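**Student:**
Protein chains: 2
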Amino acid sequence: MTGGPLTPDLRDALAGQLSDGALREVSDAYLSEPRGTWRGSAGAVVAPRDTEEVAKVICFARDHGVAVVPWGGGTGLVGGQTLPNAAPILLSLERMRAIRAVYPDENVLVAEAGAILADVQAAARDAGRLFPLSLASEGTARMGGLLATNAGGVNVLRYGNARDLCLGLEAVLPDGSILHGLRRLRKDNTGYDLRNLLIGAEGTLGVITAASLRLFPQPGAEGTAMLVVDGPRAALSLLARAQAMGGVSAFELISGQGLRFLRDHALPVRQPFDDIPDWCVLVDLGLPEGGDPACQLERLFEAGFEAGEVSDGVIAQSEAQRHELWAVRETIPEANKRTGAIASNDISLPLSEVPGFIEACGARLHAAAELRINCFGHLGDGNLHFNLFPPEGRSKAEYRDRAADLRRIVDDAVAERGGSFSAEHGVGRLKVEQMRRYGDPAKLAAMRAIKDALDPAGIMNPGAVLGD
Amino acid sequence: MTGGPLTPDLRDALAGQLSDGALREVSDAYLSEPRGTWRGSAGAVVAPRDTEEVAKVICFARDHGVAVVPWGGGTGLVGGQTLPNAAPILLSLERMRAIRAVYPDENVLVAEAGAILADVQAAARDAGRLFPLSLASEGTARMGGLLATNAGGVNVLRYGNARDLCLGLEAVLPDGSILHGLRRLRKDNTGYDLRNLLIGAEGTLGVITAASLRLFPQPGAEGTAMLVVDGPRAALSLLARAQAMGGVSAFELISGQGLRFLRDHALPVRQPFDDIPDWCVLVDLGLPEGGDPACQLERLFEAGFEAGEVSDGVIAQSEAQRHELWAVRETIPEANKRTGAIASNDISLPLSEVPGFIEACGARLHAAAELRINCFGHLGDGNLHFNLFPPEGRSKAEYRDRAADLRRIVDDAVAERGGSFSAEHGVGRLKVEQMRRYGDPAKLAAMRAIKDALDPAGIMNPGAVLGD
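This is how it looks when you write it as structure tokens:
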């Protein structure tokens, strides 16, 4: 079964059960998504004021067999928040944005699902702590969606994914019951791990309404370097070297193609090197108070230079320079957008497979079509954004018919090396076909059994992750 | 439904399907457990040689409705490996103990479920890496059981529980299908998190057959100190101080009662202080190469002393002294055993609730009965072993009728403060009643739905975790 549409009659009946202000206008923002590929639909946009009201909505949906799409900041890149043609209840958590409590002594913060990531970061900072989840959409993305999709970002190498930053969840399950799991415990072995089941389920098993989150001591001293490396293999050796020294917060791979895109579109970032290198890495350190990151980065450079891994480098000497280096990395997605990608891939690989993959998959793609590849991303996590672009002077439109085939070349190469076709963006609706093709049959069967057991009416985000 | 017994006829039929050597003698070791409280039963002990043979056993059990109890090292403390009177198939992983692969460059090791923890640690060490899971039974406990119970131990503060050390699982699900999930990825968002569902399910949702595990760089320099603290509250302040300095691997609380038990039973450990203090902490540091842990511990002592948190201390000046200090902590369970506990509690609390709990729960217990409390454990994780003993000159036998009531006082006090009645030992069969009393109703209902969906015949470790 899958949930059906919210008819106007049902909408009126639902509205009668909710508090003032719960019904929102169905505006474009709720129906579009960042890449502009799909458009969703809505029988109503409902923004409950509290968890009890979320439960009321879910009970209503369950009783009437109506589809519900949980809606956070709308920043998802795989269409999980966008159900076309079904007129579901779009359940927006936007009014539930409280930081319910901060426990600095425990390194714990409790936030509602509608809290914006940047606000959670700020609340942690105000308490003298760090909430390390950090990604491009942090000014818009909300905690519920970040957890439902197990978001990644630039600090995963050190602090883990959203999953690893969550100690407990409050959620409304598809039967309308409230899961009271806002624990603040580092160890708790009392039954099945529903928290991690809801995290990454992309709203198909319930609605996350609040979370207890892990905080960390703020680093006492931070530093950043951009180092020219001999290639992905050298970058990995350098990563191991950096990790043995300790304190690595981020280790990002940047290709010459990315730097050229920045230059070609005259984006306002300072090129770190006079001659654009083929490959470089951005290394970020966070050390305890008294540490000297610039000195440690210097030692890393020297050791890498001696080993033939590194040939040039810039070590930031001020906060302003750190931001300049980071701006290079963070502006690459904008440069990609302006160039116009044929296909974008968010993949991960076992670390030691990364260099071979980049080489072999690149060769296959170049044999199949004339194109440019911008390969960049979170090398420390084995997570690459491996995006395909037309050659100079041609447009992505000319490649429309080839895009699926080219994407398939990438996905097959990833699967052959034990990688994942979705590292940090999730499955949503975009990657349901890939899920079917590359998913383990036993896993898919167990997922379906769990879905049917917890959501027999199929009301929760139907079509996402599992397909219809 | 719950699985039934393996009759002699069924046993012969099963034996006919398996390779030579799969059937083991049903010896006492398989039926007893470390605390000697219960005795299990077995229609047969089966030790498959590989994953396919595990699947064959599960298919047989499924087809004939026979109960299966996965059996690792037999070290569990809550009876999860011990099913009385049902004559199940005891499925021992003892023959599947291979380290299948080590990837030092990726900080990954793939071990079969029957690999003994100490062997996994050694394999990591041989590759110049650290596998940080460490607990008293590491010479006997096997990876499958450690993962199925999400084991903890002394390094959780820094490296996490068994759950956090696992990147992927191979398992046989209750329908006999093989889950091929031995991924070596740091980021993978492709569907529901079955890995974490199986971890901590204590064999009720399937049999873990192999795991890909996270390794870490070996610390370049390690150090240990035992510091006398003013009480649990001072200990927590000192913990925050130590964490801001970085590199804390373990932070263990030790009570004067524990030190007195060591002395009373003349156990062969050196008392760290001339006068036994009321409270002390064991602090362990692991720093990158070039770090100076003794110097950092000195700074910690000085800062703690100035703040009135610390009054005395010993900082190990050699590996031998480190081991001496650790021996104090590690011999306390033996001292407890010789004293004879009325009740042992493996609890966790939100960190800031720990001091209030120790005080208030202690007062309630002393008001209810004449007894001694030995409170010790992994303070950094909020995990206390809060064990109750008769006063000197009396025996635990005299308290037999009171034990349940006293345990209930502890559990109630834990629940009031948002804690857990099982921090690291799991639920097994010992704590099913507590699970029912303190478990969240929505969680219990969802657990039951998942169990019935994945194991409709109820063959997997029936009675554990969920009860009958």
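Protein chains in written order, with the numbering used here: chain E, 1 to 468; chain Y, 1001 to 1468. Ideal Cβ positions, reconstructed from N, Cα and C, are used throughout, including at glycine. Source: prediction; values computed, not measured.
Using the beta-carbon of each residue, which ones in chain Y are nearer than 7 Å to Gly-246/E?
**Tutor:** Those within 7 Å of Gly-246/E in chain Y are Pro-1288.
**Student:** Going by DSSP in three states, Thr-224/E sits in which element: helix, strand or coil?
**Tutor:** Of the three classes helix, strand and coil, the one that applies to Thr-224/E here is strand, per DSSP.
**Student:** How about Leu-287/E and Ala-221/E: are their beta carbons less than 8 Å apart?
**Tutor:** Contact: yes.
**Student:** Hey, quick one: how far does the beta strand (DSSP E) through Gly-1168/Y stretch, first residue to last?
**Tutor:** Where Gly-1168/Y is concerned, the enclosing beta strand (DSSP E) stretches over 1166–1172.
**Student:** Can you pull out the residues from the stretch 1427–1443 of chain Y whose beta carbon lies closer than 9 Å to at least one beta carbon of chain E?
**Tutor:** Taking 9 Å as the Cβ-Cβ cut-off against chain E, the residues of the stretch 1427–1443 of chain Y that qualify are Val-1427, Lys-1431, Gln-1434, Met-1435, Tyr-1438, Gly-1439, Asp-1440, Pro-1441, Ala-1442, Lys-1443.
**Student:** Give me the Cα-Cα distance between Ile-1099/Y and Ile-1116/Y, rounded to the nearest whole angstrom.
**Tutor:** C-alpha separation (whole angstroms): 10 Å.
**Student:** Going straight from the alpha carbon of Leu-1371/Y to that of Pro-1390/Y, what length do you get?
**Tutor:** Going from the Cα of Leu-1371/Y to the Cα of Pro-1390/Y covers about 5 Å.
**Student:** Exposed or buried, which one is Cys-983/Y when buried takes at least 16 other CB atoms within 10 Å?
**Tutor:** Because chain Y spans 1001 through 1468 in this model, residue 983/Y falls outside it and cannot be assessed.
**Student:** For chain Y, find out if any of its Cβ atoms is closer than 8 Å to the Cβ of Ile-450/E; answer yes or no.
**Tutor:** Output row for Ile-450/E: interface = yes.
**Student:** Using three-state DSSP, classify Arg-100/E as helix, strand or coil.
**Tutor:** Looking at Arg-100/E - three-state DSSP - the assignment turns out to be strand.
**Student:** Please work out which residues of its chain come closer than 6 Å, Cβ to Cβ, to Asp-312/E, disregarding the five sequence neighbours upstream and downstream, and give them in chain order.
**Tutor:** Excluding sequence neighbours, Asp-312/E sits near Val-228.
**Student:** Does the stretch 1333–1347 of chain Y come within contact of the stretch 143–153 of chain E, defined as at least 3 CB pairs closer than 8 Å?
**Tutor:** No, the stretch 1333–1347 of chain Y does not touch the stretch 143–153 of chain E.
**Student:** Can you check which of these residues, Leu-1282/Y, Gly-1290/Y, Glu-1289/Y, is closest to Leu-1300/Y by C-alpha distance?
**Tutor:** Nearest option by C-alpha distance: Leu-1282/Y.
**Student:** Strictly below 7 Å CB to CB, what residues from chain E border Gln-1081/Y?
**Tutor:** By Cβ distance, chain E contributes nothing, its closest Cβ being about 15 Å from Gln-1081/Y, past 7 Å.
**Student:** Check whether the Cβ atoms of Gly-152/E and Leu-167/E lie closer than 8 Å to each other.
**Tutor:** Cβ distance not < 8 Å, so Gly-152/E and Leu-167/E don't count as in contact.
**Student:** Starting from Phe-1376/Y, trace the beta strand (DSSP E) in both directions and tell me its first and last residue.
**Tutor:** Segment 1372–1378, the beta strand (DSSP E) holding Phe-1376/Y.
**Student:** Between the Cα of Val-432/E and those of Ala-1067/Y, Lys-1431/Y, Asn-1189/Y, spot the shortest distance and give me the residue it belongs to.
**Tutor:** Of the listed residues, the one whose Cα sits closest to Val-432/E is Asn-1189/Y.
**Student:** Under 9 Å, CB to CB, which of the residues in the stretch 1155–1169 of chain Y have a partner in chain E?
**Tutor:** Per Cβ criterion, the list reads Val-1156, Leu-1157, Gly-1160, Asn-1161, Arg-1163, Asp-1164.
**Student:** Going by the beta-carbon positions, is the gap between Val-154/E and Leu-236/E smaller than 8 Å?
**Tutor:** No; because the gap between Cβ atoms is not below 8 Å, this pair is not in contact.
**Student:** Would you mind sorting Thr-1007/Y into buried or exposed? The rule is 16 or more other CB atoms within 10 Å of its CB.
**Tutor:** Exposed, since its Cβ has fewer than 16 Cβ neighbours within 10 Å.
**Student:** Here's a check: name, in chain order, each residue in its chain whose Cβ is nearer than 7 Å to the Cβ of Asp-1346/Y, leaving out the five neighbours to either side.
**Tutor:** His-1385, Ser-1422, Ala-1423, Glu-1424, His-1425.
**Student:** Tell me which same chain residues have a C-beta within less than 7 Å of the C-beta of Ala-47/E, skipping the five on either side of it?
**Tutor:** Closer than 7 Å at the Cβ level, and outside the excluded window around Ala-47/E, lie Ala-22, Arg-24, Ser-92, Glu-94, Arg-95.
**Student:** Name the two residues that bound the continuous alpha helix (DSSP H) containing Gly-1145/Y.
**Tutor:** That run of the alpha helix (DSSP H) goes 1143–1148.
**Student:** Helix, strand or coil for Thr-1339/Y, going by three-state DSSP, please let me know.
**Tutor:** Thr-1339/Y falls in the helix class under three-state DSSP.
**Student:** Once the 5 residues before and after Met-245/E are set aside, which same chain residues still bring their CB inside 8 Å of it?
**Tutor:** Excluding residues within five positions, the ones whose Cβ falls inside 8 Å are Gln-296, Arg-299, Leu-300.
**Student:** Put Ala-1211/Y into one of helix, strand or coil per three-state DSSP.
**Tutor:** Looking at Ala-1211/Y - three-state DSSP - the assignment turns out to be strand.
**Student:** If I follow the unbroken alpha helix (DSSP H) through Asn-1196/Y, where does it start and stop?
**Tutor:** That run of the alpha helix (DSSP H) goes 1194–1198.
**Student:** Considering only their Cβ atoms, is the gap separating Gly-1003/Y from Ala-1061/Y smaller than 8 Å?
**Tutor:** In contact: Ala-1061/Y and Gly-1003/Y (Cβ atoms closer than 8 Å).
**Student:** Note down, in chain order, each residue of its chain lying with its Cβ closer than 7 Å to the Cβ of Asn-383/E, except the 5 sequence neighbours on either side.
**Tutor:** Gly-152, Ser-348, Gly-377, Ala-423, Glu-424, listed in sequence order.
**Student:** For Ser-1255/Y and Pro-1232/Y, I'd like the C-alpha separation in whole angstroms.
**Tutor:** So the alpha carbons of these two residues sit roughly 10 Å apart.
**Student:** Alpha carbon to alpha carbon, how far is Gly-40/E from Leu-77/E? Give it in angstroms, no decimals.
**Tutor:** Each residue's alpha carbon lies about 13 Å from the other.
**Student:** Of all Cβ atoms in chain Y, is any one closer than 8 Å to the Cβ of Gln-17/E?
**Tutor:** With 8 Å as the cut-off, Gln-17/E does not count as an interface residue toward chain Y.
**Student:** State yes or no: is the beta carbon of Val-110/E nearer than 8 Å to at least one beta carbon in chain Y?
**Tutor:** No, because no Cβ of chain Y sits closer than 8 Å to the Cβ of Val-110/E.
**Student:** Give every residue of the same chain whose Cβ lies closer than 7 Å to the Cβ of Ile-1358/Y, excluding the five residues on either side of it in the sequence, and list them in chain order.
**Tutor:** The answer, listed in chain order, is Pro-1232, Cys-1375.
**Student:** Please list the partners that Lys-1187/Y has in chain E, where partner means a Cβ-to-Cβ separation under 8 Å.
**Tutor:** Simply Gly-152, Val-156, Asn-161, Ser-348, His-378, Asp-381, Gly-382, Asn-383, Ser-420, Ala-423, Glu-424.
**Student:** So, is the C-beta of Ser-249/E closer than 8 Å to a C-beta in chain A?
**Tutor:** No chain A is part of this structure, whose protein chains are labelled E and Y.
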